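K.L.:
Would you mind keeping the following structure in view while I ask a few things?
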Amino acid sequence: MTILLNADGHEHGQWCAAIKTYLPAHDIVQYPYVPDVAAIDYALIWNHPDGDLDNYPNLRAVFSLGSGVDYLDRFLTLPDAPIFRLVDPSMAQDMAHYVLYWTLHYQRAFETYRLQQQRAQWASRSAPRASEFTVSLLGLGAIGSHIAKTLAASGFTVLGWSRSPKALDGVVCRHGEQGLTSVLSEADLLVCCLPLTPKTDGFLDVSILSSLRRGAVVVNVSRGAVMNEADLLSGLDSGHISGAVLDVFSVEPLPAESSLWTHPNIHITPHISGATGPGTAMQIIARQIADFERGILPLYPYSRDV
Ligand code: GLV
């Protein structure tokens, strides 16, 4: 069996080591150096070029090495082999911790204390109880649901929104247009976990952002293109939005000249809220390949209709 690996330049050495550990009987071919296209059984890919997967006549299945599938949505042709996406609980946990960290930062007024320290100002602030602080999440997929449950377990009031109805323990779930208006207007902190699709491209624009309650904070951990960055900057400048935490950007790496870098009310991280760890990911993919060979399909098939 031969595995084609393209981790798009991310930690190829670690991916190879993890493949050797969890799939010791498989040979590894590192894209783009493929000596024998007919030998490839499985492709493990991230940001792979459109059309290339058609070159492997014996390809049995494709495993995408991340959670987002927007690069697959841009493919003009899909291979005959099924594609599965990675849902790694370790990544979901990292993302939940990232959001919890920033939720605490704003709920407990740590942002204010940081600014006070610059002025050597000693002044305690009253903070709402966690239950009095409402976090609204847009998108209740595998990652959004995990973030919502983590925040609810820490005592926050959590509202979740999805296009179709969902139910989650400890989370008030709303859907549709009306549900959206209410989760926006009640949020102290809004978390964007929406996948990037043609429907969500530029979704967080002035009409959505102005429906937030005054002083709300916005956290984006999904894809930069879901956010209209100019509208966000206007919302911050007018004071309607009091802060933003951005881990993802419409252009990555974020260009040095972007005004997002220097805005006093924006925190920027370089797309690290939940990175795929080759070790945990390969454990999952190796199990899925073993299941696949026995005719059991992995849980998260990629499809264009979702
Ligand atoms: C990272 O952004 C991913 O989609 O896995």
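So the number in this note's numbering is just where the residue sits in the sequence shown, counting from 1, plus 2.
Note that beta-carbon positions come from the ideal geometry of N, C-alpha and C, so glycine has one too.
On a predicted model such as this, the values are computed, not experimentally measured, just so you know.
How would the residue list near ligand 1 read, in chain order, if you kept each one whose beta-carbon is closer than 5 Å to any heavy atom?
P.N.:
Those residues are 68, 69, 70, given in chain order.
K.L.:
Would you kindly report the start and end of the unbroken beta strand (DSSP E) that includes residue 44?
P.N.:
Element bounds for residue 44: 44 to 47.
K.L.:
Count the CB pairs spanning the region 289 to 303 and the region 259 to 267 that are closer than 8 Å, and state whether there are at least three.
P.N.:
No, because fewer than three Cβ pairs between the region 289 to 303 and the region 259 to 267 fall closer than 8 Å, the two stretches do not touch.
K.L.:
Measuring alpha carbon to alpha carbon, tell me which residue in 79, 146, 50, 3 is nearest residue 197.
P.N.:
Of 79, 146, 50, 3, the residue nearest in Cα terms is 146.
K.L.:
If we ignore side chains and look at the alpha-carbon of each, how far apart do residue 98 and residue 71 end up?
P.N.:
Distance between the alpha carbons of residue 98 and residue 71 is about 20 Å.
K.L.:
Let me confirm a value: residue 93 is counted as buried when at least 16 other C-beta atoms fall within 10 Å, else exposed. Which label applies?
P.N.:
Flag for residue 93 reads buried.
K.L.:
Would residue 253 pass as a contact of residue 224 if the rule is Cβ separation under 8 Å?
P.N.:
Their beta carbons are not under 8 Å apart, which means residue 253 does not touch residue 224 by this criterion.
K.L.:
Which of the three DSSP states, helix, strand or coil, is assigned to residue 32?
P.N.:
Residue 32: strand per DSSP, three-state reduction.
K.L.:
What's the gap between the Cα of residue 308 and the Cα of residue 125?
P.N.:
With a pLDDT of only 42 at residue 308, under 50, the local geometry of the prediction cannot be trusted, and the value read off the model is given with reservation. C-alpha separation (whole angstroms): 50 Å.
K.L.:
Restricting to runs no shorter than 3 residues, where is the beta strand (DSSP E) found entirely within the region 156 to 216?
P.N.:
Counting whole runs of 3 or more residues, the region 156 to 216 contains the beta strand (DSSP E) stretches 159 to 164, 174 to 177, 191 to 194.
K.L.:
Mind reading off the beta-carbon distance from residue 55 to residue 81? Whole number of angstroms is fine, and I expect it under 8 Å.
P.N.:
Correct: roughly 4 Å between the Cβ atoms.
K.L.:
Determine, using beta-carbon pairs with one atom in the region 98 to 108 and one in the region 176 to 193, whether at least three such pairs fall under 8 Å.
P.N.:
Contact between the region 98 to 108 and the region 176 to 193 is present, because at least three Cβ pairs lie under 8 Å.
K.L.:
Please state whether DSSP places residue 308 in a helix, a strand or coil.
P.N.:
For residue 308, the pLDDT reaches just 42, beneath the cut-off of 50, and the residue's location in the model is therefore unreliable, although a value from the coordinates is still provided. It is coil, neither helix nor strand.
K.L.:
Assuming residue 94 is part of the alpha helix (DSSP H), what are its boundary residues?
P.N.:
Residues 91 to 109.
K.L.:
Hey, how far is the Cα of residue 270 from the Cα of residue 154?
P.N.:
When rounded, the distance between both Cα atoms is 25 Å.
K.L.:
Going by CA-CA distance only, name the one from 43, 21, 22, 39 that's closest to residue 3.
P.N.:
For residue 3, the nearest C-alpha among the options comes from 43.
K.L.:
If you reduce the DSSP assignment to three classes, tell me which class residue 284 lands in.
P.N.:
Correct three-state label for residue 284: helix.
K.L.:
Under 6 Å Cβ to Cβ from residue 202, same chain only, skipping five residues before and after it: list those, please.
P.N.:
For residue 202, where only same-chain residues beyond five positions count, the Cβ hits under 6 Å are 196, 228.
K.L.:
Using only the alpha-carbon positions, how far apart do residue 245 and residue 239 sit?
P.N.:
Spanning the two alpha carbons is a distance of roughly 10 Å.
K.L.:
By DSSP's criteria, residue 137 is part of a beta bridge. Which residues make up the other side?
P.N.:
BP columns for residue 137 point to 160, 191.
K.L.:
I'd like the list of long-range same chain contacts for residue 32, defined as Cβ closer than 7 Å, with 5 residues on each side in sequence excluded.
P.N.:
Here the set comprises 7, 14.
K.L.:
Start and end of the beta strand (DSSP E) containing residue 240?
P.N.:
It is not in any beta strand (DSSP E) - residue 240 instead sits in the alpha helix (DSSP H) that spans 231 to 240.
K.L.:
Excluding the 5 residues flanking residue 24 on each side, which residues of the same chain have their C-beta closer than 7 Å to its C-beta?
P.N.:
Correct list, in chain order: 284, 285, 288.
K.L.:
Name the DSSP beta bridge partners of residue 269, please?
P.N.:
Paired residue(s): 247.
K.L.:
Please look up how many angstroms separate the CB atoms of residue 172 and residue 139, rounded, as I've assumed it's under 8 Å.
P.N.:
About 12 Å separates the two Cβ atoms, so there is no contact after all.
K.L.:
Measuring only the C-alpha atoms, how far is residue 58 from residue 156?
P.N.:
Roughly 48 Å between the two C-alpha positions.
K.L.:
For residue 231, count the other beta carbons within 10 Å of its own beta carbon; 16 or more makes it buried, fewer makes it exposed. Which is it?
P.N.:
Looking at its Cβ environment, which holds 16 or more other Cβ atoms inside 10 Å, residue 231 is buried.
K.L.:
Tell me which residues share the same chain as residue 130 and place their Cβ nearer than 7 Å to its Cβ, disregarding the 5 neighbours each side in the sequence.
P.N.:
The residues are 109.
K.L.:
Quick one: is residue 68 buried, meaning 16 or more other Cβ sit within 10 Å of its Cβ, or exposed?
P.N.:
Buried: at least 16 other Cβ atoms inside 10 Å.
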